[in-house]
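Undergrad:
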Amino acid sequence: MLLPFREHLDFGPTPYDQLQAREGIPVVKGNVVSAVLALELAPWKRMGALGCYLNLAGQQQTDAYVCEIPPGGQTLPQRHLFEEIIYIVRGHGATSVWQDGTSKLTFEWGPGAIFAIPLNASYQHFNGSNAEPVRIFAGTTCPRMVNIFHNDDFIFRNPFNFRDRFHDSQDYLRFNKHMTDRYWETNLVPDVNQFVLDDFPMKGKGVKHMRFTLADTTYGCHVSEFPPGCRSTFHRHGPGAVIIITQGEGYVMLWKDGEERKRYDFREGTVYSPDDLMWHGHFNTGRGSMRHFAVRGDSPKYSHDRFRNPLWTMIPMDEEPPEIHREYLQDLARKGVKADVSVVED
Ligand SMILES: [Fe+2]
1 MLLPFREHLD FGPTPYDQLQ AREGIPVVKG NVVSAVLALE LAPWKRMGAL
51 GCYLNLAGQQ QTDAYVCEIP PGGQTLPQRH LFEEIIYIVR GHGATSVWQD
101 GTSKLTFEWG PGAIFAIPLN ASYQHFNGSN AEPVRIFAGT TCPRMVNIFH
151 NDDFIFRNPF NFRDRFHDSQ DYLRFNKHMT DRYWETNLVP DVNQFVLDDF
201 PMKGKGVKHM RFTLADTTYG CHVSEFPPGC RSTFHRHGPG AVIIITQGEG
251 YVMLWKDGEE RKRYDFREGT VYSPDDLMWH GHFNTGRGSM RHFAVRGDSP
301 KYSHDRFRNP LWTMIPMDEE PPEIHREYLQ DLARKGVKAD VSVVED
């Protein structure tokens with residue numbers, strides 16, 4: 001019989017918990033947020049906008065937040081010693097990025113855009129509309145960094161400039177390189193739903209995928225597309241993956257060994273995050289393709305960790321409980337979608 005490596009002791013709130021409490025905005029827990037546009041937000045003094053934390057999946061490696069900028073508004077200038085990858089859920093606007101001694105580089109964005117903030121660069125977001133709010137979803141490495149350094153001055157008022165990660169010329173915005181199959185380096189993707197992804201035949205017929213390194217971050221992200229009638233196998237890995245559906249509809253199944261399987265329907269704007277070693281599978285039940293954007297793990301450029309946890313595994317489809325695929329086929333039949341039994345995994 002396997003025994004726990006060590007007993008669980010509750011040492012109270014972590015430095016990251018304390019930061020969240022000080023900031024006083026809602027902290028959403030659990031594994032699934034059904035509609036990111038429906039989240040209730042509160043005034044967020046540091047950002048000068050509205051916000052909430054998505055502290056999902058009971059982990060403090062990486063995290064997410066949602067921020068809303070009212071029509072005609074802007075955030076307060078920020079800089080911080082954690083990495084941040086942004087997905088624009090709603091609205092149109094612009095972001096200025098700069099370092100001490102550089103000019104401001106400003107770029108525009110709309111729904112579906114992704115970009116990263118260069119580490120510890122200053123930045124400010126602007127809502128470009130006087131009628132519509134902007135809603136931002138962002139993944140960050142804030143918990144990891146705050147729990148290590150637990151010092152607000154060091155994290156939020158650190159004067160160091162990472163010159164190797166940013167320059168204020170238009171070349172920064174033009175940088176766009178297909179490094180190899182399923183891997184791009186760039187600094188701004190205008191729309192993840194329009195971006196041409198690469199085939200990933202080993203994951204299933206028609207499945208497409210792209211990993212990104214944005215703004216030279218070590219924090220990773222990717223976009224996956226599941227064609228109609230296509231689902232993934234179940235797999236599990238370490239904590240910190242946060243996924244937002246950017247197009248289409250379907251459901252996710254989540255469970256941990258020894259626990260009951262749970263099914264959550266999703267659509268554009270649903271966010272979910274599996275716990276450490278939680279099995280998860282993505283099922284497209286819509287008539288069109290389903291896409292999701294995931295922030296997780298290391299970027300391709302900085303995937304230096306040579307250790308592969310042997311518990312990070314996939315369940316071959318012919319070894320999963322048969323009722324899982326039966327339920328999927330029933331859902332597809334109800335919606336009149338032809339099943340493609342290809343096996344995919346992200
Ligand atoms: Fe995954």
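If you're matching positions, the sequence shown starts at 1 in the working numbering and goes up one per residue.
The C-beta atom is built at its ideal place from N, Cα and C for all residues, glycine as well.
1) Tell me, to the nearest whole angstrom, how far the beta carbon of Q363 is from that of N130; I am working on the premise that it is less than 8 Å.
2) Please classify G281 as buried or exposed, where buried requires at least 16 other C-beta atoms within 10 Å of its C-beta.
3) Between L381 and G51, what straight-line distance do the alpha-carbon atoms span, to the nearest angstrom?
4) Just checking A116 against ligand 1 - is the residue's beta carbon closer than 7 Å to any of the ligand's heavy atoms?
5) Could you name the residues that DSSP lists as bridge partners for Y16?
6) So V242 packs on S289, CB below 8 Å; how close in whole Å?
7) Tell me the DSSP bridge mates of V196?
8) By Cβ distance, which residues of its chain are closer than 8 Å to H167, with the 5 residues on each side in sequence left out?
9) Relative to ligand 1, is the shortest distance from any of its heavy atoms to the C-beta of H292 smaller than 7 Å?
10) Which whole-angstrom value is the C-beta distance of S224 and H209, which I expect to be below 8 Å?
11) Should N241 be listed as close to ligand 1, given that the test is whether its C-beta is under 7 Å from any heavy atom?
12) So what's L39 in DSSP terms, helix, strand or just coil?
13) Could you give the residue range of the beta strand (DSSP E) that holds A294?
14) Could you check where the alpha helix (DSSP H) with Q330 kicks off and where it finishes?
15) Helix, strand or coil for M1 per DSSP?
16) Between the C-alpha atoms of T180 and P13, what's the straight-line distance to the nearest angstrom?
17) Just how far apart, CA to CA, sit G240 and Q59?
18) Give a yes or no on whether the C-beta atoms belonging to F154 and L81 are separated by under 8 Å.
19) Span of the beta strand (DSSP E) holding F126?
20) Examine ligand 1 and report whether any of its heavy atoms sits within less than 7 Å of the Cβ of H167.
21) Could you please give the first and the last residue of the uninterrupted alpha helix (DSSP H) stretch that includes Y302?
22) Check the C-beta distance from F175 over to V189 and give it rounded, since I have them as a contact under 8 Å.
23) Find the nearest neighbour of A113 within the set Q99, V89 and H125, judged by alpha-carbon distance.
24) With distances taken from CA atoms, which of I324, T246, T270 and T285 is nearest R261?
25) Considering only residues of the same chain and omitting the five flanking positions on each side of F107, which have a CB-CB separation below 7 Å?
26) Among A215, E249 and P70, which one has its Cα closest to the Cα of P228?
27) Ligand 1 and H209: does any heavy atom of the ligand fall closer than 7 Å to the residue's C-beta?
28) Distance check for T233 and M317, CA to CA, integer angstroms please.
29) With a 10 Å radius around its C-beta and 16 neighbouring C-beta atoms as the bar for buried, classify L9 as buried or exposed.
30) Check whether the Cβ of H355 lies closer than 7 Å to any heavy atom of ligand 1, and answer yes or no.
TA: Let's see:
1) This structure cannot speak to residue 363, because the chain is shown only from 1 to 346.
2) That one is buried.
3) Any answer about residue 381 is impossible in this case: the structure gives the chain only from 1 up to 346.
4) no
5) Beta-bridge pairing links Y16 to no other residue.
6) Not quite, the Cβ-Cβ distance comes to about 21 Å (not below 8 Å), so this is no contact.
7) According to DSSP, which records beta bridges pairwise, V196 is partnered with nothing at all.
8) T102
9) False, no ligand heavy atom lies under 7 Å from that Cβ.
10) Their Cβ separation, rounded to whole angstroms, is 5 Å, which keeps S224 and H209 in contact under 8 Å.
11) The residue asked about is misnamed: residue 241 is Ala in this sequence, not Asn. A241: yes, Cβ under 7 Å from ligand 1.
12) coil
13) Secondary structure note for A294: its beta strand (DSSP E) is the uninterrupted segment M290 to D298.
14) Unbroken alpha helix (DSSP H) run through Q330: P322 to K335.
15) coil
16) 43 Å
17) For the pair G240 and Q59, the Cα-to-Cα distance works out to about 7 Å.
18) Contact flag set, yes.
19) S122 to N127
20) If you check the C-beta of H167 against ligand 1, you find no heavy atom less than 7 Å away.
21) No alpha helix (DSSP H) contains Y302, which DSSP labels as neither H nor E.
22) That pair is no contact at about 12 Å.
23) V89
24) I324
25) Excluding sequence neighbours, F107 sits near A94, T95, L173 and L188.
26) Comparing Cα positions, the closest option is E249.
27) no
28) 6 Å
29) exposed
30) Since the first residue shown for the chain is 1 and the last is 346, residue 355 is missing from the structure and cannot be characterised.
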